[in-house]
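For the sequence shown, position 48 matches number 48 in my numbering, and the numbering has no gaps at all.
Glycine included, each C-beta is placed from N, C-alpha and C at the ideal position.
Predicted, not measured: the structure shown is a model, and the values here were computed from it.
One structure is given below, encoded as structure tokens.
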Amino acid sequence: MKLSPLMKSLGLKYPIFQGGMAWVADGKLAAAVSNAGGLGIIGAGNAPRSVVAEEIATAKKLTNHPFGVNVMLLSPYVKEVVDVILANKDAITVVTTGAGNPSDYVADFKAAGIKVIPVVGSAGLAKMMERVGVDGVIAEGMESGGHVGKLTTMALVPQVVDAVNLPVIAAGGIGDGRGLAASFMLGAEGVQMGTRFLVATESKVHPNYKKAVLKAKDASTIVTGEFAGHPSRVLKNKMAKKYLKIEKAEALKDEPDYAELEEMGSGSLRKAVLDGDQENGSFMAGEISGLVKREQPAAEILAEVATQADELLNGKY
Ligand code: TUI
């Protein structure tokens, strides 16, 4: 598998990042991915400092390979999460960011010797990130699970590649070797996958959630929160349908009131991941869910994706 200078500098065997999924991507999953030659990433999500510190400690214990932490910029705990990352600068190789503009934090991470690779949903934000000195960008299309931007991966990645002189990692709708090979064609030097790792053997996601991903089809996801808050791609379940019904009705009113939805949304990812609660849980997952058929160890996922991409790139069909 070809590796760019950035991927080599991260000590990777495969140019594959594991998405820093809130509530899902803990120290154990990140360590499993890193041990197998990908880049494991702990998802800080909305967790406070103490929880993030614990997951970092777990990853440190379980792997000697480089790993990263994702800072979710909508979190009320962003500042303390940044602090705990800086306090662990010896162990953390990369910080990725999501759901916002990380400009205020880039200089501190860089000064600590930590590489910064933000998620961007547009070429404009990618350019801004280049100006503040990041090491690469993850161009994530709206095929992804969770919080989504507006552009598709196919349109976004080559436009980001043209807009900046930085390594670009493709994300959103990538779940196998075809996606990795296609990403290389678009000018990316690697990929980030979330949904495929949701069902990794080492992922702590509730069995109901894993089952829902495994039985999903191409049209099983939907975007909620387009009007009421932050657009998020989730599996269509009772919760998503209930939420969308209220959201659409409110959006059509002269004075929409989204308070009830805010109440419904709060804690809904936790209810999905920990309780497998179909009634009240948001089962965040990408459009690629229909392609994910088996629970497998992270090492097997990485090897399978890389082998398939290599075969395609070498002209074997
Ligand atoms: O961040 C994600 N995916 C996520 S975060 C998440 S947890 C959550 N909790 C509550 C509300 C919302 C989310 C679940 N899934 N992916 C990376 C991503 N970043 N996708 C899109 C963006 C993005 C959007 C706007 C990045 C930058 C941005 O910039 C806005 C600005 O301020 O310029």
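**Request:** Quick one: residues in its chain with C-beta nearer than 7 Å to the C-beta of aspartate 176, no 5 flanking neighbours on either side, listed in chain order?
**Result:** Position 176 of the sequence shown, counting from 1, holds the residue named residue 176. For aspartate 176, where only same-chain residues beyond five positions count, the Cβ hits under 7 Å are Leu291, Val305, Gln308.
**Asked** In chain order, which continuous runs of the alpha helix (DSSP H) of length 4 or greater are located wholly inside the region 237-297?
**Response** 238-251, 259-265, 268-275
**Request:** Using the Cα positions of phenylalanine 197 and glycine 187, report the straight-line distance between them to the nearest angstrom.
**Result:** Position 197 of the sequence shown, counted from the first residue, corresponds to residue 197. Position 187 of the sequence shown, counted from the first residue, corresponds to residue 187. So the two alpha carbons sit approximately 24 Å from each other.
**Prompt:** Going by C-alpha distance, which of Tyr77, Gly11, Gly40 is nearest serine 50?
**Reply:** For the purposes of this step, residue 50 is taken as residue 50 along the sequence shown, with counting starting at 1. Answer by Cα proximity: Tyr77.
**Request:** Go to glycine 124, then tell me how far its alpha helix (DSSP H) extends in each direction, as first and last residue.
**Result:** The residue given as residue 124 occupies position 124 in the sequence shown. Residues 123-131.
**Prompt:** Just to confirm, are leucine 261 and alanine 228 a CB contact at a threshold of 8 Å?
**Reply:** Taking the first residue of the sequence shown as position 1, residue 261 is located at position 261. Taking the first residue of the sequence shown as position 1, residue 228 is located at position 228. Contact: yes.
**Prompt:** Does the beta carbon of asparagine 314 fall short of 7 Å from some heavy atom of the ligand TUI?
**Reply:** Position 314 of the sequence shown, counted from the first residue, corresponds to residue 314. No.
**Asked** Can you tell me whether DSSP reads leucine 235 as helix, strand or coil?
**Response** In the sequence shown, residue 235 corresponds to position 235, counting from 1. Of the three classes helix, strand and coil, the one that applies to leucine 235 here is strand, per DSSP.
**Message:** Does the contact criterion of 3 or more C-beta pairs under 8 Å hold for the region 12-19 versus the region 273-281?
**Reply:** no
**Coil, strand or helix - proline 76 by DSSP** = Along the sequence shown, read from residue 1 onward, the residue named residue 76 stands at position 76. In this structure, proline 76 counts as coil in the three-state DSSP scheme.
**Prompt:** Would you say the beta carbon of valine 148 comes nearer than 7 Å to a heavy atom of the ligand TUI?
**Reply:** The sequence position of residue 148 within the sequence shown is 148, counting from 1. Yes, since a heavy atom of the ligand TUI falls inside the 7 Å radius drawn around the Cβ of valine 148.
**Request:** In angstroms with no decimal places, state the Cα-to-Cα distance between lysine 28 and lysine 217.
**Result:** For the purposes of this step, residue 28 is taken as residue 28 along the sequence shown, with counting starting at 1. For the purposes of this step, residue 217 is taken as residue 217 along the sequence shown, with counting starting at 1. About 28 Å.
**Message:** Less than 7 Å between C-beta atoms, sequence neighbours within five positions excluded: which residues of the same chain meet that for serine 220?
**Reply:** On the sequence shown, residue 220 is found 220 positions in, with the first residue counted as 1. Excluding residues within five positions, the ones whose Cβ falls inside 7 Å are Leu235, Lys236, Ser289, Gly290.
**Message:** Per DSSP, what are the beta-bridge partners of valine 223 in this structure?
**Reply:** Numbered from 1 along the sequence shown, position 223 holds the residue referred to as residue 223. Beta-bridge pairing links valine 223 to Arg233.
**Request:** Taking glutamate 55 as part of the alpha helix (DSSP H), name the residues at either end of that continuous run.
**Result:** What you label residue 55 is simply residue 55 of the sequence shown in a count that begins at 1. Taken as a continuous stretch (DSSP letters only), the alpha helix (DSSP H) holding glutamate 55 covers 49-62.
**Request:** Rank Ser122, Met284, Lys79, Gly68 by C-alpha distance to the C-alpha of alanine 31 and give the top, closest one.
**Result:** Residue 31 sits at position 31 when you count from the first residue of the sequence shown. Minimum Cα distance to alanine 31 is reached at Gly68.
**Request:** Could you tell me which of Val161, Asp254, Val52 sits nearest to glutamate 130, measuring between CA atoms?
**Result:** On the sequence shown, position 130 is the one that residue 130 refers to. Per the Cα distances, Val161.
**Rounded distance between the beta-carbons of threonine 195 and valine 223, thought under 8 Å** = For this step, residue 223 is matched to residue 223 along the sequence shown. For this step, residue 195 is matched to residue 195 along the sequence shown. Wrong, their Cβ atoms sit about 15 Å apart, outside the cutoff.
**Message:** Quick check: does the Cβ of asparagine 101 come within less than 7 Å of any heavy atom belonging to the ligand TUI?
**Reply:** Counting from one through the sequence shown, the residue named residue 101 turns up at place 101. Yes - the ligand TUI has a heavy atom lying nearer than 7 Å to the Cβ of asparagine 101.
**Prompt:** Among the residues of its own chain, which have a CB less than 6 Å from the CB of alanine 298, if the five just before and after it don't count?
**Reply:** The count along the sequence shown starts at 1 and reaches residue 298 at position 298. Ala32, Val33, Ala36, Ala200, Glu202.
**Item:** Counterpart residues of methionine 7 in DSSP-defined beta bridges
**Value:** Locating residue 7 in the sequence shown gives position 7, counting from the first residue. Methionine 7 pairs with nothing; no bridge assigned.
**Asked** By how many angstroms is the C-alpha of glutamate 311 removed from the C-alpha of leucine 39?
**Response** Numbered from 1 along the sequence shown, position 39 holds the residue referred to as residue 39. Numbered from 1 along the sequence shown, position 311 holds the residue referred to as residue 311. Those two C-alpha atoms are separated by around 22 Å.
**Prompt:** Say the cut is 7 Å; is the CB of alanine 259 nearer than that to a heavy atom of the ligand TUI?
**Reply:** For this step, residue 259 is matched to residue 259 along the sequence shown. No - the ligand TUI has no heavy atom lying nearer than 7 Å to the Cβ of alanine 259.
**Where aspartate 90 falls, given that 16 or more other Cβ within 10 Å makes a residue buried** = The residue labelled residue 90 in the question sits at position 90 within the sequence shown. Flag for aspartate 90 reads exposed.
**Item:** Whole-angstrom distance between alanine 57 and threonine 63, CA atom to CA atom
**Value:** Walking along the sequence shown from the start, residue 63 turns up at place 63. Walking along the sequence shown from the start, residue 57 turns up at place 57. Looking at the two C-alpha atoms, the distance is approximately 10 Å.
**Request:** Rank Ser144, Lys60, Asp104 by C-alpha distance to the C-alpha of lysine 79 and give the top, closest one.
**Result:** Taking the sequence shown and counting its residues from 1, one reaches residue 79 at position 79. Answer by Cα proximity: Asp104.
**Request:** Check each candidate in Ala155, Gly141, Leu302, Val71 and name the one with the smallest Cα separation from proline 118.
**Result:** Residue numbering aside, residue 118 sits at position 118 when the sequence shown is read from its first letter. Minimum Cα distance to proline 118 is reached at Val71.
**Prompt:** Taking 7 Å as the line, does the beta carbon of alanine 22 fall inside it for any heavy atom of the ligand TUI?
**Reply:** Position 22 of the sequence shown, counted from the first residue, corresponds to residue 22. Yes, the Cβ of alanine 22 comes within 7 Å of a heavy atom of the ligand TUI.
**Prompt:** Which residue's Cα is closest to the Cα of valine 205: Ala249, Gly265, Leu166, Leu269?
**Reply:** Translated into the one-based positions of the sequence shown, residue 205 becomes position 205. Among Ala249, Gly265, Leu166, Leu269, the Cα nearest to that of valine 205 belongs to Leu269.
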